[in-house]
Amino acid sequence: MPNGKLITFEGIDGSGKSTQAKILYERLLEEHHDCELFREPGGTPLGEQVRVILLNQPEKIGIIAELLLFSAARAELVRLVIEPMLERGCIVLLDRFTDSTTAYQGYGRGIDLELVKSVNDAATQGIKPDLTFLFDVTAEDGLRRHDRHHDRIEQEGVQFMEKVRQGYLTVAKGDPARVVVVDGGREVEDLTIEVWNKVEVLLTRNTLF
Ligand SMILES: Nc1ncnc2c1ncn2[C@@H]1O[C@H](COP(=O)(O)OP(=O)(O)O)[C@@H](O)[C@H]1O
Ligand SMILES: [Mg+2]
5 MPNGKLITFE
15 GIDGSGKSTQ
25 AKILYERLLE
35 EHHDCELFRE
45 PGGTPLGEQV
55 RVILLNQPEK
65 IGIIAELLLF
75 SAARAELVRL
85 VIEPMLERGC
95 IVLLDRFTDS
105 TTAYQGYGRG
115 IDLELVKSVN
125 DAATQGIKPD
135 LTFLFDVTAE
145 DGLRRHDRHH
155 DRIEQEGVQF
165 MEKVRQGYLT
175 VAKGDPARVV
185 VVDGGREVED
195 LTIEVWNKVE
205 VLLTRNTLF
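Position 25, counted from 1, in the sequence shown is what this note's numbering calls 29; the numbers after and before it change by one each time, with no gaps.
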C-alpha cells in the first residue's frame, strides 16, 4: 500500500507559500525523508512551457483558455510525477494545486464553479492532497510583498486578489479536515513552526497505522 503524502501550499500572490514550502522541503530532506518539491505550473517539460505562456503572455488570454492551460500542465504533473512519487512513498510538496484554480479561475475570474471542479477532477484523476496550508494575507499585504515581480497575474488589482482570497477561505471552510488556514501575516519563523507541527502529525499518523 503506497504511503506517500501530498502536501500543498496555497494562498494569494505574496502570501508566503514558496518561502514555507522551501523551508519544509529542506527540513524533510535533513531528516532523511524521501521528499520532492514542485511549483505549479511546472514540473514537467509541458508544464514549464505552459508556465512561460501563462506568465509572460503580452496579450490577455481568455479565461477558459487560462483554465485549460493550467489544468493541462497539472494533468501532466499528476500523471508523470505525482502519481509515481506517491507510489514510491515520497512526500510530495506542491507550491499551488487545484485550490489555486478554484480560487483564481473560479472565484476570481468567475468561471462556473461546477465547471472548474470538473476540470480539476479530470486533471487530478482522483488524487487529493493529504494536507493543504492556506496562507491567508490581505490582498494589500500580498501585493506589497510581491511587487518585485511583474508578471501578468501579479499586476492584477487588489480587488481581484481580495476575491481570490475570499474564494480560498470558502474552499477552506468547505474542507476543514484537509485545509489548515494559517495567518500569513506572522513572522516566517512562527509560520515554519506551525507548518512543521501539522506535518509531524500527518507523518506520525502514517507510521502508527
Ligand atoms: N511571513 C513573512 N513575513 C514577511 N515577509 C515574508 C513572509 N513570508 C515571505 N515573505 C516575503 O514575501 C515575499 C513573497 O513571499 P513568497 O514566499 O514568494 O510568496 P508566494 O510564494 O506566496 O507568492 C518574499 O519576498 C518573501 O521573502
Ligand atoms: Mg511563490
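Glycine included, C-beta positions come from ideal geometry on N, C-alpha and C.
Open item on the list: Which residues neighbour ligand 2 when neighbourhood means a C-beta less than 6 Å away from any of its non-hydrogen atoms? List them by chain order.
Closed with: Lys21, Ser22, Asp99
- [ ] Kindly list the residues whose CB is nearer than 8 Å to the CB of Gly114, restricted to its own chain and excluding five residues on each side of it in sequence; keep chain order.
- [x] Here residue 114 corresponds to residue number 110 of the sequence shown, with the count starting at 1. So the qualifying residues of the chain are Ile67.
Task: Among Ile197, Asp194, Lys202, Glu193, nearest to Leu183 - alpha-carbon criterion - done: As a first step, residue 183 must be located in the sequence shown, where it is residue number 179. With the sequence shown as reference, residue 183 is identified as Val, and Leu is not the correct amino acid for it. Cα-wise, what sits closest to Val183 is Lys202.
Open item on the list: Please give me, in chain order, every unbroken run of the alpha helix (DSSP H) with length at least 4 that falls completely inside the stretch 135–213.
Closed with: You should have 143–150, 162–178, 192–212.
Open item on the list: Please give me, in chain order, every unbroken run of the beta strand (DSSP E) with length at least 3 that falls completely inside the stretch 73–144.
Closed with: 95–99, 135–140
Task: Proximal residues to Lys79 (C-beta, below 6 Å), its chain only, five neighbours per side dropped - done: As a first step, residue 79 must be located in the sequence shown, where it is residue number 75. Correcting the residue identity first, residue 79 is Ala in this sequence and not Lys. So the list reads Ala127, once near-sequence residues are dropped.
Task: Closest by C-alpha distance to Pro180, when choosing among Leu138, Phe42, Val192, Gly161 - done: The residue you call residue 180 lines up with position 176 of the sequence shown. With distances taken between Cα atoms, Pro180 lies closest to Leu138.
Open item on the list: Is Val168 near ligand 1 - that is, is its Cβ less than 7 Å away from at least one heavy atom of it?
Closed with: Walking along the sequence shown from the start, residue 168 turns up at place 164. Incorrect: Val168 has no Cβ contact closer than 7 Å to ligand 1.
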